[in-house]
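Visitor: Residues in the sequence shown are numbered from 174 upward in steps of one, following my numbering.
Got a structure here, written out as structure tokens. Questions coming.
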Amino acid sequence: MSIALYRKYRPKSFLEVVSQNHVKTTLINAIEMANIGHAYIFVGARGIGKTTLARIFAKAVNCRDRSKAEPCNECENCNEINEGKALDLIEIDAASNRGIEEIRELREKVKFTPSRMKYKVFIIDEVHMLTKEAFNALLKTLEEPPEHAIFLLATTEVHKVPATILSRCQRFDLKKLTVPELVRNLKTISKAEGIKISEEALELISSESDGCARDAVSLMTQLIAFSKGEITQELVKDVLGVTDLSSVSEFVDHIIQKNTGDAIDLLGSLTNEGFDLEQFTKNVVEYFRKMLILKVGAGKNDVVISDLSAEQLQKLKEQSRRFDISALTIFIKKFLSARQDLKKAVYPQLPLEIVLVEMLSCEVSDVLQVEKLKGLNAKKVEPEIIGKKIVSKKFVAVEKKISKVDSRGSAVLDLKEIISKWKEVIDRIAPQNHSISAFLQMGVPEAVSGEYLALAFKFRFHKEKIAEHKYRRIVENAMEKVYGKKILLRCVVDENFDKKKSKLSAIPKAAVKNVAKVKDAGKTMVDLARQVFGG
Numbered sequence: 174m175s176i177a178l179y180r181k182y183r184p185k186s187f188l189e190v191v192s193q194n195h196v197k198t199t200l201i202n203a204i205e206m207a208n209i210g211h212a213y214i215f216v217g218a219r220g221i222g223k224t225t226l227a228r229i230f231a232k233a234v235n236c237r238d239r240s241k242a243e244p245c246n247e248c249e250n251c252n253e254i255n256e257g258k259a260l261d262l263i264e265i266d267a268a269s270n271r272g273i274e275e276i277r278e279l280r281e282k283v284k285f286t287p288s289r290m291k292y293k294v295f296i297i298d299e300v301h302m303l304t305k306e307a308f309n310a311l312l313k314t315l316e317e318p319p320e321h322a323i324f325l326l327a328t329t330e331v332h333k334v335p336a337t338i339l340s341r342c343q344r345f346d347l348k349k350l351t352v353p354e355l356v357r358n359l360k361t362i363s364k365a366e367g368i369k370i371s372e373e374a375l376e377l378i379s380s381e382s383d384g385c386a387r388d389a390v391s392l393m394t395q396l397i398a399f400s401k402g403e404i405t406q407e408l409v410k411d412v413l414g415v416t417d418l419s420s421v422s423e424f425v426d427h428i429i430q431k432n433t434g435d436a437i438d439l440l441g442s443l444t445n446e447g448f449d450l451e452q453f454t455k456n457v458v459e460y461f462r463k464m465l466i467l468k469v470g471a472g473k474n475d476v477v478i479s480d481l482s483a484e485q486l487q488k489l490k491e492q493s494r495r496f497d498i499s500a501l502t503i504f505i506k507k508f509l510s511a512r513q514d515l516k517k518a519v520y521p522q523l524p525l526e527i528v529l530v531e532m533l534s535c536e537v538s539d540v541l542q543v544e545k546l547k548g549l550n551a552k553k554v555e556p557e558i559i560g561k562k563i564v565s566k567k568f569v570a571v572e573k574k575i576s577k578v579d580s581r582g583s584a585v586l587d588l589k590e591i592i593s594k595w596k597e598v599i600d601r602i603a604p605q606n607h608s609i610s611a612f613l614q615m616g617v618p619e620a621v622s623g624e625y626l627a628l629a630f631k632f633r634f635h636k637e638k639i640a641e642h643k644y645r646r647i648v649e650n651a652m653e654k655v656y657g658k659k660i661l662l663r664c665v666v667d668e669n670f671d672k673k674k675s676k677l678s679a680i681p682k683a684a685v686k687n688v689a690k691v692k693d694a695g696k697t698m699v700d701l702a703r704q705v706f707g708g
């Protein structure tokens, strides 16, 4: 039976360990200076070298012919450790040996001096799995360890390890490997095995490994078994059911252009071709995260940015300019939720389709409003920014202007004309829908740009009610009849509503008077509700 590649090419010296230079340097210096501690804990994700570094350290401190800090891998002690036969290297899997009895047995072994080596080394993997009683038993040994014993602990969940244990160990936090580091490691292995594999395939395998060296090698082993010739990017996509960055980028382009149908068609194609939509959704979330990192000015030293090519990074920057930060956060939350829903969906792509329809077609909240209301003093037309909030200060220029001309050259209404006849709009709607009429009195026409009117509200409840499709259409129809021109409504919540209200007094006064009349008439809250909601 052949040996798995990740075992065959497991590093045997510090030099062979990929990345983790901060850990290697400290351990090497400790060995060279003969300043070896009695307990170390290696912390980090799975498959990034925790147990490997522990074994190399155990070899180095017991090597008879080491060169400085590197084990020779030729002496009797090194060979025994490499072959798993060393009596003085005791490895314990805490996941399956987590009770107090196992730790008591370990304490008995600690008392005996090494049989052949200088140090008796105990490697406890997944140490966080020990029980409370087992930790208490281990603590006593760590407090007063014999000089010949070294404890090397490894864990993926350091927060589950008691502080009393951590305080007695030297802690090393290992980092996930970057895509370039994984690619270099896979190249070395593939070259040694005589395997032909394209650069694109290596990058795709590395990106799917989530910084885990063992996973990357395991995936390549799977592909070697499947392929008969060169391993290509297409082969990786077919076998692993993953999508490359170009598919995700295309999906985001459809979102930017609000092409709901094309985005849904792309999902359908991926489903038909057998791609894993859960993994695709994860990639989409990661892509939006990259844009968010760029948007806030971070990512200079971030792993998720450094793994992109120059062309991919440029594309990402261009797309990130089309989103507002609030929109990016909402998209991330929506797709994270959809990924959970994928596990129980009747139709695989349905949760993602619902997200697309909600976010692109139904104008929920402010997240996907297109920034079409621009200041009149702007000298150039900027691309649409998805999720850009309509903030009142953007319309200062609009309020000062008396009139303007649309793209067809015809005169359009200015804000003063809108305000002067706004009462007529409310009165026209009142017989059809008392609720909408009352809610409109709580809003203030804030700005006009072309065929768009920004209507500001103090409270989100009022804004969301009027923004509903069927109610918005009622208002737009009424405005068309009053002003003789089609006007599209955009509702916003304005933080400076009270200041606007004092400036644009025509509508707010009408609203205040109506409320005052209700109070003066001595009406109850039930009467007020009837006026607002009808009945």
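Heads up, the beta-carbon is just placed ideally off N, CA and C, and yes, glycines get one too.
1. Buried or exposed: where does residue 388 fall if 16 or more other Cβ atoms within 10 Å of its Cβ makes it buried?
2. Please state whether DSSP places residue 365 in a helix, a strand or coil.
3. Assign residue 642 to buried or exposed, taking buried as 16 or more other Cβ atoms, counted over all protein chains shown, within 10 Å of its Cβ.
4. Got a sec, what are the start and stop residues for the alpha helix (DSSP H) residue 434 sits in?
5. Using CA atoms only, rank isn't needed, just tell me which of 490, 421, 502 and 665 is closest to residue 626.
6. If you count every other CB in all the chains shown that lies within 10 Å of the CB of residue 513, and 16 or more means buried, which is it?
7. Assuming residue 369 contacts residue 407 under a Cβ cut-off of 8 angstroms, what Cβ separation, rounded to an integer in Å, is found between them?
8. Counting only runs of 4+ residues fully inside the stretch 343-421, write out the alpha helix (DSSP H) ranges in chain order.
9. Count the other C-beta atoms from every protein chain shown that fall within 10 angstroms of the C-beta of residue 314, then say buried if there are 16 or more, exposed otherwise.
10. Would you mind sorting residue 497 into buried or exposed? The rule is 16 or more other CB atoms within 10 Å of its CB.
11. Indicate whether the contact test is met: 3 or more Cβ pairs, each with one atom in the stretch 492-512 and one in the stretch 457-467, closer than 8 angstroms.
12. Can you tell me whether residue 176 is buried or exposed, with buried defined as 16 or more other CB within 10 angstroms of its CB?
13. Which partner residues does residue 517 have in the DSSP bridge list?
14. Could you tell me the boundaries of the alpha helix (DSSP H) in which residue 493 lies?
15. Does residue 426 come out as helix, strand or coil in the three-state DSSP assignment?
16. If we call anything under 9 angstroms between Cβ atoms a contact, is residue 599 one with residue 613?
17. Determine the direct distance from the alpha carbon of residue 215 to that of residue 325, and round the result to whole angstroms.
18. For the beta strand (DSSP E) that contains residue 622, what are its first and last residues?
19. Do three or more CB pairs link the stretch 200-208 to the stretch 304-320 at distances below 8 angstroms?
20. Using beta-carbon positions only, say whether residue 300 and residue 337 come within less than 9 angstroms of one another.
21. So what does DSSP say about residue 469, is it helix, strand or coil?
22. Could you check if residue 392 is buried or exposed, using at least 16 other CB atoms within 10 Å of its CB as the buried criterion?
23. Can you name the start and end residues of the alpha helix (DSSP H) that residue 197 belongs to?
24. According to the neighbour-count rule (16 or more other Cβ atoms, all chains shown, within 10 Å of its Cβ), is residue 616 buried or exposed?
25. Looking at the structure shown, is residue 328 part of a helix, part of a strand, or coil, going by DSSP?
26. Look at the alpha carbon of residue 517 and the alpha carbon of residue 425, and state the distance between them as a whole number of angstroms.
27. If you draw a straight line from the alpha carbon of residue 272 to that of residue 265, how long is it in whole angstroms?
28. Using CA coordinates, which residue listed in 638, 622 and 621 is at the minimum distance from residue 607?
29. Per DSSP, what are the beta-bridge partners of residue 626 in this structure?
30. Shorter than 8 angstroms, the distance from the beta carbon of residue 595 to the closest heavy atom of the ligand FAD, or not?
31. How is residue 457 classed by DSSP in three states: helix, strand or coil?
32. In chain order, what residues of the same chain lie with their CB nearer than 7 angstroms to the CB of residue 188, ignoring the 5 residues before and after it?
33. From residue 360 to residue 419, what does the alpha carbon distance come to, in whole angstroms?
34. Could you give the C-beta distance for residue 192 and residue 354, rounded to a whole number, given that I count them as a contact under 8 angstroms?
35. Please go through the same chain and pick out, in chain order, the residues whose beta-carbon is closer than 8 angstroms to the beta-carbon of residue 217, but skip the five residues on each side of it.
36. Buried or exposed for residue 322, please, with buried defined as at least 16 other CB atoms from any protein chain shown within 10 angstroms of its CB.
Guide: Put simply:
1. buried
2. helix
3. exposed
4. 433-445
5. 665
6. exposed
7. The pair is not a contact, with the Cβ atoms about 14 angstroms apart (cut-off 8 angstroms).
8. 352-366, 372-381, 386-399 and 406-413
9. buried
10. buried
11. yes
12. exposed
13. Answer is none; residue 517 lacks a bridge partner.
14. 483-493
15. helix
16. yes
17. 8 angstroms
18. 616-622
19. no
20. no
21. coil
22. buried
23. 194-205
24. buried
25. strand
26. 25 angstroms
27. 12 angstroms
28. 638
29. 621 and 662
30. The ligand FAD is absent from the structure shown, which contains no ligand whatsoever.
31. helix
32. 243
33. 23 angstroms
34. 5 angstroms
35. 223, 329, 346, 347, 348 and 349
36. buried
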